[in-house]
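**Q**
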Amino acid sequence: MICAAGELLIDFTEKGCNDFGLPILSAAPGGAPANFLSAVKNAGLEAAFIGKIGNDAFGKKLTDILKSKEIDVSGIICDDNVFTTLAFVTLSKDGERNFSFARKPGADTCLRYEEVDLSLIDRCTVFHFGSLSFTDQPSKSTVLKLADYAKSKEKLISYDPNYRAPLWKSETEAKENMLLGMKYADIVKMSSDEAEFIFSVGYEKAAETLINEYPCSLVFVTLGKDGCYFRNRNCSGYAVSSIPVSPVDTTGAGDIFAGTAVSLTAKSGIHPSELSSEMLHDITEKACTIASLSTEKHGGML
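To convert, take the position in the sequence shown, counting from 1, and add 7; that gives the numbering used here.
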């Protein structure tokens, strides 16, 4: 089983404009860890979510959606005092996204460690989290404690340093917090922009730094339409989708890539540091293909 902790929210995605030039928005389930887990299920593995929602219509609907995808929702806490987080995603002509958030605070940022059922982590083989949990307390301390707990139980740790500028007070604060997760991660997935933002070097050098200076065993750097760069202690290389696509919405594509790549890595039965170039190319190509196909529909969840 793969367990993920973090945000579960509604993405309101642009689908045209009204007579005033304002975006017409369509609601879809989202949140990077939830999108990630939908790809885990698609890859044929069991999945469990840890997080907090509000006791509102959106929170209840999101829980039902995860249930319908057979994702374990026993780790979801429903809180009467906060509202389920909402994200508003407007799109450029090529499908790239701009984000705004109703999250002051959002339910996901209010998760407390003492509320979490640690047996979900006890039962999993991989624990996944992302940096958006670090923008506020108590979720920051909670998810770091969960990562530390998973590490103490010798679970494989997967991390996505997902950068959303509107959620941070400054670039400096974002970089410092995004680096926190690297101290726990066996597998890191990030975009080339995120790699260069965090490390102030090219993405290949950033991946090298992670392998040599952190406990990281495997790095995936997504490159949009150009596929993905991969690196572990044995090898490095590139792979692209095996199927050409016509994107309409890239929301969640990185999460779907990560969920697929981590699942295939786990299913291989080989430690990420020991995967051969051929195996990593195959894993990366399949993940690129599934992520690319996801961009031909609206919303970030498979």
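Ideal Cβ placement from N, Cα and C applies to all residues, glycine included.
For Pro-36, does the three-state DSSP call read helix, strand or coil?
**A** strand
**Q** Could you check the C-alpha separation between Thr-20 and Pro-173 for me, to the nearest Å?
**A** 17 Å
**Q** In chain order, which beta strand (DSSP E) runs of at least 3 residues are fully inside the segment 39–71?
**A** 54–61
**Q** Where DSSP assigns a beta bridge to Phe-237, which residues make up the other side?
**A** Answer by DSSP bridge pairing, in chain order: Phe-227, Gly-244.
**Q** Taking Cβ positions, are Pro-222 and Asp-193 nearer each other than 9 Å?
**A** yes
**Q** First and last residue of the beta strand (DSSP E) that includes Lys-182?
**A** First-last for Lys-182: 178–187, but that is the alpha helix (DSSP H), not the beta strand (DSSP E).
**Q** Within the chosen definition, does the segment 66–78 reach the segment 283–294 through at least 3 CB pairs nearer than 8 Å?
**A** no
**Q** Ala-94 to Ala-55, Cα distance in whole Å?
**A** 22 Å
**Q** For the alpha helix (DSSP H) containing Phe-264, name the first residue and the last one.
**A** Segment 260–275, the alpha helix (DSSP H) holding Phe-264.
**Q** So is Asp-124 buried or exposed if we call it buried at 16+ other beta carbons inside 10 Å?
**A** exposed
**Q** Taking 9 Å as the threshold (C-beta atoms), are Thr-149 and Ser-140 in contact?
**A** yes
**Q** Between the alpha carbons of Ala-12 and Ser-165, how many angstroms are there, rounded?
**A** 11 Å
**Q** Just to confirm my understanding: we take Ser-280, look at its own chain, exclude 5 residues before and 5 after, and list those with CB closer than 6 Å. What are they?
**A** If we look at Ser-280 and ignore the five residues flanking it on each side, its Cβ neighbours are Ser-224, Asn-239, Arg-240.
**Q** Starting from the C-beta of Ser-107, find all residues in its chain whose C-beta is less than 7 Å away, skip the five residues before and the five after it, and write them out in chain order.
**A** Phe-95, Pro-173
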